[in-house]
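Counting with the numbering used here, you get residues 62 to 438 for the letters of the sequence shown.
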Amino acid sequence: MTPTSQSYDLAVVGAGICGLAHALAAARRGKRVLVVDRDAQANGASIRNFGFITVTGQQGGECWRRAKRSVEVWLEIADAAKIPIIQRGLLTIARRPEARAVIEAFLQTNMGAGCRLVEPRELKDYGSGLRADEFAGALYSPHEARVESREAIPQLAAWLGERFQVTFLRETAVHAASPPKLETSRGPIEAEAIIVCPGDDFATLHADRLAQYGLTRCKLHMLRLRPQRFDERLPPVMSDLGMIRYLGYAELPAAKTLRARLEAEQREHIDAGVHLIAVRSADGTLVVGDSHHYAATPDPFAPVAVDDLILDEYSHVFAGAPPQVVERWNGTYASAPDRLMLVDAPCEGLRIVLITSGTGASTSFAIAEEVIAELFD
Ligand SMILES: Cc1cc2nc3c(=O)[nH]c(=O)nc-3n(C[C@H](O)[C@H](O)[C@H](O)COP(=O)(O)OP(=O)(O)OC[C@H]3O[C@@H](n4cnc5c(N)ncnc54)[C@H](O)[C@@H]3O)c2cc1C
């Protein structure tokens, strides 16, 4: 039988992390699952990101809880799916006293459990190569995990096929999706339930439903750097600018004072949505970013000036000569004015799931477990 002539319990549109997470949650319940994607291999936000499964810094409440659960799932499947966990934890550097005040306030919340304030003199315990003498302190969180997305996403798909017999139909565009039928560029497919995880394509499937959410897209600049030396003990690193973007910090009253100082001192960075995330790869290079520019259709251009702002923040956190840039790329993700994700239910057996923020690697596994439970229980 060909994939199109079989019928499935669940068809998932989109083989990014959101679609794969739904395929996993359904397959773990013994469902026969088909995943359809128009591309030959993963090419969307899910392979362009940091592969940084971030807990600390996520918005308090549902997002933080989902990130906690999602990191558990990544760790549960990593060995079996042969997905290396390259780094654990997070070091959020406070370059300024106002940023240290945000860390101190964060530690008073329930999200601070397991995290700690690191004094500048103690930073060497986490690795060398930071401008530790210039910092006001740091927050260490043990919760995070880092995977190499461009390898982890294909590996996850391959494992879903091998372990759970999930069927993948690639280079296949879905034109219509209403259970029990998908209309695809390879013909119709039958499925009892359908989950549409289209990333930042709001125009092809159920555009009428998605119109109500005021969606737009966000374009991000990313760099790969090759530092001359990098201490492998260092966890993923962020800095002050991240504390006014990541809602788990930014929504604390203490962040207001930090924001005011950053607006006075780093206006250009803020206008370009620049903050620092630096994560390590197995070959010793670093994935470093990023920036945020919003548009219905972001332009495809990558002005060097934006990369320079990212590198400027990098050079205030890491000591030594500026590292060589060995790769540059852009990514885009869906964005909504008032929510980090959405689940839309146009009819019985059909769900549209969009991650409308830069949190998909960190939350998709938990979201998918919730959607699949609601759909099949
Ligand atoms: C540069 C960058 C950095 C990021 N960093 C992080 C991070 O550190 N941590 C984190 O948690 N999140 C991060 N994110 C966000 C995260 O990557 C996204 O939230 C997540 O990847 C979205 O996954 P997705 O599956 O919805 O979308 P995608 O990965 O874009 O996948 C959507 C898929 O749907 C397919 N598709 C769409 N419509 C159709 C159709 N009609 N027919 C067939 N196929 C279709 C597309 O071909 C595509 O493969 C980052 C994003 C970017 C761009």
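No residue lacks a Cβ here, since even glycine has one placed at the ideal position from N, Cα and C.
Shortest alpha-carbon distance to residue i belongs to which of the options?
i	options	result
residue 85	298, 377, 335, 217	217
residue 220	431, 414, 88	88
residue 368	359, 386, 358, 361	386
residue 154	190, 107, 131	190
residue 149	158, 140, 136	136
residue 79	207, 433, 426	426
residue 433	65, 70, 63	70
residue 269	237, 314, 253	237
residue 282	172, 129, 142, 330	330
residue 134	340, 323, 206	206
residue 314	396, 188, 332, 170	170
residue 124	412, 214, 410, 403	403
residue 397	113, 143, 212, 414	414
residue 127	249, 188, 114	114
residue 184	198, 266, 332	198
residue 327	374, 187, 345	374
residue 175	392, 350, 129	129
residue 411	230, 242, 90	242
residue 406	188, 271, 159	271
residue 105	215, 147, 146, 366	215
residue 383	289, 392, 390, 229	289
residue 358	138, 295, 392	392
residue 172	400, 122, 74, 159	122
residue 186	390, 292, 350	292
residue 158	323, 431, 389, 341	323
With DSSP collapsed to three states, give me the class of residue i.
i	result
residue 170	coil
residue 107	helix
residue 80	helix
residue 70	strand
residue 335	coil
residue 377	helix
residue 150	strand
residue 186	helix
residue 197	coil
residue 158	helix
residue 307	coil
residue 435	helix
residue 228	strand
residue 371	helix
residue 207	strand
residue 426	helix
residue 300	coil
residue 191	strand
residue 418	coil
residue 327	coil
residue 102	coil
residue 289	coil
residue 216	helix
Using 6 angstroms as the cut-off, classify the Cβ of residue i as near or not near the heavy atoms of ligand 3, replying yes or no.
i	result
residue 124	Within the structure as shown, ligand 3 is missing, the only ligands being ligand 1.
Write down the C-beta distance between residue i and residue j rounded to the nearest angstrom, noting that I regard them as a contact closer than 8 angstroms.
i	j	result
residue 302	residue 336	4 angstroms
residue 210	residue 107	6 angstroms
residue 178	residue 164	6 angstroms
residue 408	residue 239	7 angstroms
residue 94	residue 235	Not really, about 15 angstroms apart at Cβ, beyond 8 angstroms.
residue 348	residue 285	6 angstroms
residue 162	residue 181	Actually they are not in contact, since the Cβ atoms of residue 162 and residue 181 sit about 15 angstroms apart, beyond 8 angstroms.
residue 363	residue 297	Not confirmed; about 23 angstroms, so no contact.
residue 416	residue 429	About 11 angstroms separates the two Cβ atoms, so there is no contact after all.
residue 252	residue 66	Not quite, the Cβ-Cβ distance comes to about 13 angstroms (not below 8 angstroms), so this is no contact.
residue 103	residue 77	7 angstroms
Check the DSSP bridge columns for residue i and list the partner residues they point to.
i	result
residue 176	Answer is none; residue 176 lacks a bridge partner.
residue 408	411
residue 18	Missing from the structure shown is residue 18; the chain here goes from 62 to 438 and no further.
residue 245	235, 248
residue 255	72, 411
residue 396	277
residue 390	283
residue 350	283, 338
residue 356	278
residue 113	207
residue 493	The first residue shown for the chain is 62 and the last is 438, placing residue 493 beyond what the model contains.
residue 403	415
residue 385	287
Are there three or more Cβ pairs, one per stretch, closer than 8 angstroms when the region 272-290 is compared with the region 308-324?
-> no
The region 257-266 contacting the region 319-334, beta-carbon criterion three pairs below 8 angstroms | no
Pair every Cβ in the region 85-101 with every Cβ in the region 370-381, then say whether three or more of these pairs are closer than 8 angstroms.
-> no
Report yes or no: do the region 421-437 and the region 347-362 share at least 3 C-beta pairs separated by less than 8 angstroms?
-> The region 347-362 and the region 421-437 do not touch, with fewer than three beta-carbon pairs separated by less than 8 angstroms.
Mind the definition here: the region 108-118 touches the region 195-215 only if three or more C-beta pairs lie below 8 angstroms; say whether that holds.
-> yes
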